[in-house]
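Colleague: Sharing a structure, written as structure tokens. Questions coming.
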Amino acid sequence: MPEGHTVHRLAAEHQRMFGGRVVGAVSPQGRFAEGAAAVDGQVLEGADAHGKHLLLRLADERSVHVHLGIYGKYVFGGLPAPEPVGVVRLRLTGEAHHADLRGPNVCELLEPGGVKLLRDRLGPDPLRADGDPGRAWRRISRTRTPIAVLLMDQSVVAGPGNIYRAEVLFRQGVDPRLPGRRLSAERWGAIWDDLAVLMAEGVRAGRIDTVRPEHTPEAMGRPPRVDGHGGEVYVYRRAGQPCLVCGGVVRTVEVASRNLFWCPVCQPPGRG
DNA sequence: GCGGAATGAACAT
DNA sequence: TGTTCCTTCCGCA
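Residues 1 to 272 (UniProt numbering) make up the first sequence, in order.
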């Protein structure tokens, strides 16, 4: 689940449960013991997300930086918090809630200024009000790298992952292998706008749904279906199945060690 | 019960 | 390009 929309939800949840309040912090697993000790007893001033990075600002101007990677997961609950189940890297407790973090790629304490360094190496985030698509365009329009690779590069665009990249390219009818510099500025604008809409909906719903109403199984007279990842999508993990729009066969290929999915009919070679 | 895959990215080579 | 981190879940015995 951890694409950018998930992390923005997590930030909102932290803000709601812990924002402006003193928090307790422990690391039952032990791998964040020193950091937890430094956090424990401080006021959590605010929670924020940039792309897939969660940032918890503390009263002493340091920040907890969490990146979930593929496996990382949060579970929230009330108080009293039960005995931690499994390997809990960080448990926060507030006035009425607790949050358990397991399996993150990153869980570290950043010194003041560390957040700026982090954000400087990230591209614009379609979910943020300060996200500037022009910044991404300056990278995209100058490279031969395929657009499908660029969309996964967090220094180009921060937030989209493997599902959103496949789905937005399908929805905009773009050939995934099209070099960035062959993409038109108009098409990039459409991709950015679509990402903003899709991901905002993902934040609201807590799942990734990308299928337009006229293409849902119901509208097409097929039995309703929800994918294993918890949403309704056009091409992601649907290799070998018929395209929901044209009936052609959805294809997959490995790109930079990730599986890319697309419909060669709706996204013909050179289209961009 | 086991093996593989998974919504990610840093690092080594 | 390959390795590693680290956890969960699914399909297959």
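Glycine included, every Cβ here is placed at the ideal spot set by N, Cα and C.
For Phe32, which residues from the same chain have a beta carbon less than 6 Å from its beta carbon, with the 5 sequence-adjacent residues on both sides left out?
Modeller: Sequence index remark: in the first sequence, residue 32 carries index 32 (1-based). These residues qualify, in order along the chain: Arg89, Leu90, Cys107.
Colleague: Put Arg139 into one of helix, strand or coil per three-state DSSP.
Modeller: Taking the first sequence and counting its residues from 1, the one referred to as residue 139 is at position 139. Reduced to three states, the DSSP call for Arg139 is helix.
Colleague: Nearest CA to the CA of Ala239: which residue from Met220, Asn259, Gly221, Val255?
Modeller: For the purposes of this step, residue 239 is taken as the residue at position 239 of the first sequence. Per the Cα distances, Asn259.
Colleague: Of the choices Asp100, Gly189, Val115, Ala49, whose alpha-carbon is the least far from that of Ser27?
Modeller: Start at 1 with the first residue of the first sequence, and residue 27 comes out as number 27. Among Asp100, Gly189, Val115, Ala49, the Cα nearest to that of Ser27 belongs to Asp100.
Colleague: Any idea what DSSP makes of Glu95, helix, strand or coil?
Modeller: Counting from 1 along the first sequence, the entry for residue 95 is found at position 95. In the structure shown, Glu95 sits in coil (DSSP, three-state: anything other than H, G, I, E or B).
Colleague: Check whether the region 231-250 touches the region 201-216, taking contact to mean three or more Cβ pairs, one atom from each stretch, closer than 8 Å.
Modeller: Yes, the region 231-250 touches the region 201-216.
Colleague: Closest to Ile140 by C-alpha separation, out of Arg121, Gly206, Leu150, would be which residue?
Modeller: By one-based count along the first sequence, residue 140 stands at place 140. Among Arg121, Gly206, Leu150, the Cα nearest to that of Ile140 is on Leu150.
Colleague: Check this for me: beta carbons of Ser63 and Leu110, under 8 Å apart or not?
Modeller: The residue given as residue 63 occupies position 63 in the first sequence. The residue given as residue 110 occupies position 110 in the first sequence. Result yes, Cβ atoms of Ser63 and Leu110 sit closer than 8 Å.
Colleague: How far does the beta strand (DSSP E) with Arg251 in it extend, from its first residue to its last?
Modeller: Position 251 of the first sequence, counted from the start, is the residue given in the question as residue 251. Note, Arg251: beta strand (DSSP E), 251-255.
Colleague: Can Leu101 be considered in contact with the ligand GDP, in the sense that its beta carbon sits closer than 7 Å to one or more heavy atoms?
Modeller: Absent from the structure shown: the ligand GDP. Ligands present: none.
Colleague: Does DSSP put Gly24 in a helix, in a strand, or in coil?
Modeller: On the first sequence, position 24 is the one that residue 24 refers to. Looking at Gly24 - three-state DSSP - the assignment turns out to be strand.
Colleague: Is the Cβ-Cβ distance between Leu127 and Met17 less than 8 Å?
Modeller: As a first step, residue 127 must be located in the first sequence, where it is residue number 127. As a first step, residue 17 must be located in the first sequence, where it is residue number 17. No, these two residues do not count as a Cβ contact at 8 Å.
Colleague: Arg9 lies in the alpha helix (DSSP H); which residues open and close that run?
Modeller: Taking the first residue of the first sequence as 1, we reach residue 9 at position 9. Looking at the DSSP string, the run of the alpha helix (DSSP H) that includes Arg9 is 4-18.
Colleague: Helix or strand or just coil, what does DSSP make of Val174?
Modeller: Along the first sequence, one-based indexing puts residue 174 at 174. In the structure shown, Val174 sits in coil (DSSP, three-state: anything other than H, G, I, E or B).
Colleague: On the DSSP letters alone, give me the boundaries of the alpha helix (DSSP H) that Glu83 sits inside.
Modeller: Here residue 83 refers to the residue found at position 83 when the first sequence is read from its first residue. Here Glu83 belongs to no alpha helix (DSSP H), and DSSP marks it neither H nor E.
Colleague: With a 10 Å radius around its C-beta and 16 neighbouring C-beta atoms as the bar for buried, classify Gly248 as buried or exposed.
Modeller: Indexing the first sequence from 1 puts residue 248 at position 248. Answer is exposed; the Cβ neighbour count stays below 16.
Colleague: By DSSP's criteria, Leu90 is part of a beta bridge. Which residues make up the other side?
Modeller: Taking the first residue of the first sequence as position 1, residue 90 is located at position 90. The partner list for Leu90 (beta bridge, DSSP) reads Leu101.
Colleague: Does DSSP put Val197 in a helix, a strand or coil?
Modeller: Walking along the first sequence from the start, residue 197 turns up at place 197. In the structure shown, Val197 sits in a helix (DSSP, three-state: H, G or I).
Colleague: Just how far apart, CA to CA, sit Gly41 and Gly24?
Modeller: One-based indexing of the first sequence puts residue 41 at position 41. One-based indexing of the first sequence puts residue 24 at position 24. Spanning the two alpha carbons is a distance of roughly 5 Å.
Colleague: Opposite Arg258 in the DSSP bridges: which residues?
Modeller: Within the first sequence, residue 258 is the residue found at index 258, counting from 1. Arg258 pairs with Val255.
Colleague: Could you check what DSSP says for Glu111 in three-state terms: helix, strand or coil?
Modeller: For this step, residue 111 is matched to residue 111 along the first sequence. Three-state DSSP puts Glu111 in coil, outside helix and strand.
Colleague: Just to confirm, are Leu10 and Val39 a CB contact at a threshold of 8 Å?
Modeller: Counting from one through the first sequence, the residue named residue 10 turns up at place 10. Counting from one through the first sequence, the residue named residue 39 turns up at place 39. No, the pair does not count as a contact, with Cβ atoms beyond the cut-off.
Colleague: What is the residue span of the beta strand (DSSP E) that Leu151 lies within?
Modeller: Residue numbering aside, residue 151 sits at position 151 when the first sequence is read from its first letter. Premise fails: Leu151 is in no beta strand (DSSP E) and is neither H nor E.
Colleague: Assign Lys116 to one of three DSSP states: helix, strand, or coil.
Modeller: On the first sequence, position 116 is the one that residue 116 refers to. It is helical.
Colleague: Helix, strand or coil: which one does DSSP assign to Leu169?
Modeller: Against the first sequence, residue 169 aligns to sequence position 169. Leu169: helix per DSSP, three-state reduction.
Colleague: Is Arg138 near Gly123, with beta carbons less than 8 Å apart?
Modeller: The residue given as residue 138 occupies position 138 in the first sequence. The residue given as residue 123 occupies position 123 in the first sequence. Not in contact: Arg138 and Gly123 (Cβ atoms no closer than 8 Å).
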